[in-house]
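Everything below concerns the one structure shown next.
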Amino acid sequence: MSTVDFKRRQIVGRGIPLPGNDIDTDRIIPARFLKEVTFTTMGEHAFEDAKKQNPEHPFNSPAYKGASVLVVGQNFGCGSSREHAPQALMRWGIAVISRSPQSPVAVDVEKQEVKFGSRTIKATIPDGPRNQLVGGTWDSTAVLLEAGAAIETTARMLPYVAGF
Amino acid sequence: MARTLLDKVWDAHTVRTLPSGQTQLLIGLHLIHEVTTPQAFQMLRDSKLKVRMPERTFGTLDHIIPTTDQARPYADPLAEEMAVHMIRNMKDFSLPLFDMATGKQGIVHVIGPELGLSQPGMTIACGDSHTSTHGAVGAIAFGIGTTQVRDVLATQCLAMAKPKLRQVRVEGALAKGVYAKDVILAIINQLGVKGGVGYAYEYAGPVIDRMTMEERLTVCNMSIEGGARFGYVNPDATTIDYLRGRQYAPAGAAFDKAAAWWKSIATESGASFDDVARLDGAAIEPMVTWGINPGMSVGVSQRIPAPESASEADRSTFREALAHMSFQAGQPIKGAKIDVAFVGSCTNGRLSDLRIAAEVAKKGKVAKGVRALIVPGSQQVAKAAEAEGLPEIFQAAGFEWRKAGCSMCLGMNPDQLVGREMSASSSNRNFIGRQGSPTGRTLLMSPAMVAAAAITGAVADVREILK
């Protein structure tokens, strides 16, 4: 029996603000760093070009070392579906990406609240991912496998699988 | 109640509702390539899992391969390592790989439709955001991350929330010199790069109805650039004619049965949408992007807009774009000097794209100092182009004729911008650094406009060249 608790109800950490809207995936991790068969080096390349071009980039600042809540503008992460982008951020140390107006210290996933010092504001986390985190069902493969033979049953009902 | 294609395909592929409230959605076709899969195969090995439906999984090599010398081992050891892993993974899990030797290798979003793998009524997933391309045949097709690639390999399913549906109607008719690429750039400009977040786009209206399949593929390809993960066109006579005789399409009597089913899954008249957007096709000009996302575009006769014309929230991105591109607000886009011209990619690397670029190439020679590349989207596209003598036309005009691959769409292979080079590109993203150089600059446009820029040495109006 597993004793690991997969539930994620609350995440506490320091914020790191990243100004600007429409920060795309090529900015988070440029395509030339995707030539890897593992994700292990991705953290080193998070915002690599942006950091070099802008000495003031928050990922260069010692003040934000150890921060884990990335506070972003609108449409953050637009563009590619590369998982290398969230992997790079996670391996750099980011645990939460937040659209909150200030840098929070705690994100309550269950209650959908973001706390800054003594203040608390309501936040929105899409139902699916929130339920996965709170319910500890974010190991998607394990959850999907539970459907068992219903997968093949569904497939056989499709004319292009069964044969026209 | 009248139902949409999205409703019908979604329901037919629903295995169950998950505890999270998401749908467990069966994936009818899983397309894979070398960049977003090695970690997924490793996760599969670590969990001692098999590929659930190997007969519904197909692979190719596209992102990392060179377009000049394709002999192995590749000069770039990192690219070679990715190829080695891909070939080994496909072999270990007994999955078909369209490698160079098959004659069917190419960009995953070019070969899926070309081989007849992508069919109406399917759910199609691939670890690449431009998977929406396959929606052109009437499928629900979308990009996924690597963990989701593992999910599909292991379970043939994904945990998904059903998107809202926006019908995007393009009315009227297009003027001469205006192409599918201009239509999708105009759509993204009107609805915004985040306008489609949470939506699937159903493209419709007379302009879409009249489009060839290759044109529809171009439109659906860039859905994600407008924020929509899904984009589709309802199957019709064009779809059926396109699929007839393709390698993986049904044949004989089965084809007619398939065609009947394909027609039956189209959106019914009177169906309702969460939103409807309309564009006047006649008002669309050849489009050119001037900024750092695909929504920042103008018609070729127009001037680059001022930051004050954008919403307050977008002004800082606007100023950053002008600074990166070294453009001034109010400057005409026409006449902007270019260093590189690129025709290719999953957006515009098909035979019809090469034909129109060749037509323009006949009108002149590549301007001095411009490097111009023509990269077919697949080996089959290359073969067909060679059969009609297109490489000779391009070479006579000073364009390089390359081998199939993703090439200069993204900096993962030797075709890259150098320094601050300005590129006229038929690809899909003008993000900073996208074409390989952190300071490189990209102007997105149609293949005809790229060829026009190549022979002019600057952004030009292809309508004046084709007169």
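Residue numbers (my numbering), protein chains in the order written: chain A, 1 to 164; chain B, 1 to 467. Don't be surprised by glycine CBs; every beta carbon is placed ideally from N, CA and C.
Compare the beta carbon distance of residue i and residue j with 8 Å and say whether it is the shorter of the two.
i              : j              : result
D128 (chain B) : G116 (chain B) : no
P332 (chain B) : F318 (chain B) : no
F431 (chain B) : D49 (chain A)  : no
A397 (chain B) : I455 (chain B) : yes
T218 (chain B) : A180 (chain B) : yes
L44 (chain B)  : A31 (chain A)  : no
F342 (chain B) : L373 (chain B) : yes
G135 (chain A) : G21 (chain B)  : no
R244 (chain B) : P163 (chain B) : no
I111 (chain B) : F93 (chain B)  : no
S423 (chain B) : Q435 (chain B) : yes
R210 (chain B) : V233 (chain B) : no
V149 (chain B) : I32 (chain B)  : yes
Select from the options the residue whose C-alpha is nearest the C-alpha of residue i.
i              : options                           : result
K65 (chain A)  : A:T40, A:F33, A:P17 and A:K111    : A:P17
G349 (chain B) : B:A271, B:D275 and B:P447         : B:P447
K52 (chain A)  : B:R3, B:K48 and B:T439            : B:T439
A12 (chain B)  : A:E113, A:T153, A:L158 and A:F164 : A:L158
K104 (chain B) : B:R246, B:L322, B:V288 and B:Q24  : B:R246
R16 (chain B)  : A:F164, A:V161, A:A149 and A:Y160 : A:A149
T40 (chain A)  : A:R91, A:K115 and A:R8            : A:R91
N75 (chain A)  : B:S437, B:L279, B:E225 and B:L351 : B:E225
T133 (chain B) : B:H109, B:E114 and B:D151         : B:H109
G43 (chain A)  : A:D139, A:P86 and A:S98           : A:P86
F59 (chain A)  : A:R82, A:F164 and A:L89           : A:L89
M408 (chain B) : B:T347, B:V170 and B:D241         : B:T347
F47 (chain A)  : A:S80, A:D24, A:V69 and A:K35     : A:D24
G106 (chain B) : B:K257, B:V193, B:R402 and B:G457 : B:R402
Y203 (chain B) : B:Y242, B:K467, B:F273 and B:A249 : B:F273
A186 (chain B) : B:D256, B:E81 and B:A283          : B:A283
G15 (chain A)  : A:P101, A:D139 and A:N21          : A:P101
Check whether the Cβ of residue i lies closer than 8 Å to any Cβ atom in chain A.
i              : result
D11 (chain B)  : no
D151 (chain B) : yes
S345 (chain B) : no
W290 (chain B) : no
P250 (chain B) : yes
A363 (chain B) : Note that residue 363 (chain B) is Lys in the sequence shown, not Ala. Not one chain A Cβ lies under 8 Å of K363 (chain B).
V51 (chain B)  : no
Can you give the Cα-Cα distance for residue i and residue j, rounded to whole angstroms?
i              : j              : result
V183 (chain B) : A154 (chain B) : 38 Å
G227 (chain B) : Y201 (chain B) : 10 Å
I124 (chain B) : I65 (chain B)  : 24 Å
G117 (chain A) : G198 (chain B) : 32 Å
M1 (chain A)   : D353 (chain B) : Because the pLDDT at M1 (chain A) is just 43, under 50, the model does not fix this residue reliably, and the value given afterwards should be weighed accordingly. C-alpha separation (whole angstroms): 58 Å.
G377 (chain B) : L61 (chain B)  : 12 Å
T238 (chain B) : A106 (chain A) : 54 Å
T146 (chain B) : A142 (chain A) : 16 Å
I188 (chain B) : D461 (chain B) : 21 Å
E464 (chain B) : A452 (chain B) : 9 Å
R56 (chain B)  : L29 (chain B)  : 5 Å
D5 (chain A)   : Q119 (chain B) : 42 Å
S301 (chain B) : T102 (chain B) : 45 Å
P38 (chain B)  : L133 (chain A) : 26 Å
A321 (chain B) : R355 (chain B) : 33 Å
T68 (chain B)  : P414 (chain B) : 9 Å
G20 (chain A)  : V72 (chain A)  : 7 Å
I338 (chain B) : A259 (chain B) : 46 Å
Should residue i be flagged as near chain B, meaning a C-beta pair shorter than 8 Å?
i              : result
I151 (chain A) : yes
T154 (chain A) : yes
S2 (chain A)   : Confidence at S2 (chain A) is low in this model, with a pLDDT of 49, below 50, so its placement is unreliable and the value that follows should be read with caution. Output row for S2 (chain A): interface = no.
D53 (chain A)  : At residue 53 (chain A) the sequence reads Gln, which differs from the Asp that was named. Yes, because at least one Cβ of chain B sits closer than 8 Å to the Cβ of Q53 (chain A).
K35 (chain A)  : yes
L145 (chain A) : yes
N60 (chain A)  : no
I110 (chain A) : Reading off the sequence shown, one finds Glu at residue 110 (chain A), where the question assumed Ile. Chain B contact via Cβ: absent.
P159 (chain A) : yes
P30 (chain A)  : yes
H57 (chain A)  : no
F165 (chain A) : Outside the modelled stretch of chain A, which goes from 1 to 164, sits residue 165 (chain A), for which no answer is possible.
Proximal residues, the stretch 296–322 of chain B versus chain D, C-beta separation under 9 Å: Absence of chain D from the displayed structure is noted, the protein chains being A and B.
Length at least 4, wholly inside the stretch 333–391 of chain B: the alpha helix (DSSP H) runs in chain order: 345–348, 351–361 and 379–387
Uninterrupted alpha helix (DSSP H) stretches inside the stretch 191–277 of chain B (no shorter than 4 residues): 206–210, 213–221, 237–243 and 253–264
Inside the stretch 33–82 of chain A only - alpha helix (DSSP H) runs reaching at least 4 residues: 48–53
Segments of 3+ residues assigned as beta strand (DSSP E) that fall wholly inside the stretch 119–153 of chain A: 119–122
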